[in-house]
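>
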Amino acid sequence: MAWVGYKWGMYKIFKRDPVLASALPETRLWSQTNLWSMLDLYGTVILKPSAGSRGSGIIQVTQKAKEHFEIHWLSQKRLVTGKKAAYAMLQKLTHPSYLIQQRIPLAEIGERPMDIRVIVQRRNKNAPWTVTGCVAKVAGKGYIVTNVTRSQGSVLPVRQAIAKSTAKQVPTEKVIKHLMDCSLLATKRLSVYSPQCTVLGYDMGVDHRGKVWIIEVNGKPILSHFLKLKDKSMYRKIISYGYNPNSPKRSSELSPLI
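In numbering that gives the first Met the number 0, the protein residues as written are 0 to 257.
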């Protein structure tokens, strides 16, 4: 069996908690059987490397008709006829440690999907966890990933982003509370396995109905999104906790068990 990275381990940990389980898109290991099964269930799925980050290697597959598939990566789209041809193409774009994930119908701003980066920190391994920053990332036009550099996207303060998005009918403060509660609970569960951990970065999804989803977790989150905001107070707060994302020594070590 191929080596499977930390995302699969985190998914299994979160699935044990009933509250977190409800915030997880269904995820399976990459295989041809799982691909067709997930497409039958959801119509559109996301393929992602289990150990990747920053939007690298993300592929969206949509079943347009019984034997017609749309494969979307970066800003490119390809229509493929037949399961055999579709799977052959996906094998070239993926590797054995990929995951297959239910596509979340992310809230959009101007037909561009968005998600929320949430930073959770503590000053030392015995201190309480707190949310020190959150920022909305909006994908560039024609891209499926919200990574700002990769998709030429943009960032917005979270309240402003929700108010402008297709989830604007949901009270903004309610969504923000769910984002914070979910990320803090997830951190509590993960820190059992990584007691030395002092910082985690979450990519959280908000769908059109305002439901919060856990998309990604990173043990060494980049902070460039916060520097792009006009108000730099969140960036300063994150740094004040002693976190340096450019340090060669990881500030947060995730357990190899994850």
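In this text, a Cβ means the ideal position worked out from N, Cα and C, and glycines have one as well.
Among all the DSSP beta bridges, which residues are the ones paired with A135?
Beta-bridge pairing links A135 to I115 and L155.
> Taking just the CA atoms, how far does D230 sit from K82?
For K82 and D230, the distance between alpha carbons rounds to 49 Å.
> In chain order, which continuous runs of the beta strand (DSSP E) of length 3 or greater are located wholly inside the segment 211 to 245?
If we require 3 residues or more, the beta strand (DSSP E) runs fully inside the segment 211 to 245 come out as 211 to 217.
> What residues match up with G204 in a beta bridge as DSSP calls it?
Answer is D114 and W212, bridged to G204.
> So, using beta-carbon positions, are R116 and V134 closer together than 8 Å?
Going by C-beta atoms, R116 is nearer than 8 Å to V134.
> Can the beta-carbon of T26 be found closer than 8 Å to that of I103?
No, Cβ-Cβ distance for T26 and I103 is not below 8 Å.
> Locate the alpha helix (DSSP H) running through A84, then write down its first and last residues.
Its alpha helix (DSSP H) spans residues K82 to L92.
> Along the beta strand (DSSP E) that carries A64, what are the first and last residues, could you check?
Per DSSP, A64 belongs to the beta strand (DSSP E) from I58 to A64.
> Compute the Euclidean distance between the alpha carbons of A106 and K14, then round it to the nearest angstrom.
Approximately 24 Å, taken between the alpha carbons.
> I need the DSSP call for K47, collapsed to helix, strand or coil.
Correct three-state label for K47: strand.
> Report the rounded CA-to-CA distance for S74 versus S190, giving the unit in angstroms.
Distance between the alpha carbons of S74 and S190 is about 36 Å.
> For S55, count neighbouring C-beta atoms within 10 Å of its own C-beta (all shown protein chains included) and say buried if the count is 16 or more, exposed if not.
Result: exposed.
> Leaving out five residues on either side along the sequence, give the residues of the same chain with a beta carbon under 8 Å from the beta carbon of M88.
I70, R77 and V79.
> Using alpha carbons as the reference points, say which of Y41, Q62, N33 and R121 lies closest to Q195.
The shortest Cα separation from Q195 among Y41, Q62, N33 and R121 belongs to R121.
> Using the rule of at least 16 other Cβ atoms within 10 Å of the residue's Cβ for burial, across every protein chain shown, is T286 buried or exposed?
Past the edges of the chain, shown from 0 to 257, lies residue 286, and the structure says nothing about it.
> With a threshold of 16 other CB atoms inside 10 Å of the CB of K47, please say whether the residue is buried or exposed.
Flag for K47 reads buried.
> So, helix, strand or coil for Y97, using DSSP?
Correct three-state label for Y97: strand.
> How many angstroms separate the CA atom of P244 from the CA atom of K65?
Their backbone Cα atoms lie some 46 Å apart in a straight line.
> On the three-pair Cβ rule with 8 Å, is the segment 32 to 43 touching the segment 15 to 23?
The answer is no - the segment 15 to 23 does not touch the segment 32 to 43, with fewer than three Cβ pairs under 8 Å.
> Counting only the same chain and skipping the five closest in sequence on each side, list residues whose C-beta sits under 8 Å from that of P127.
Same-chain partners within the cutoff: R121.
> Quick one: Cα of K176 to Cα of Y10, how far?
Cα to Cα, K176 sits roughly 22 Å from Y10.
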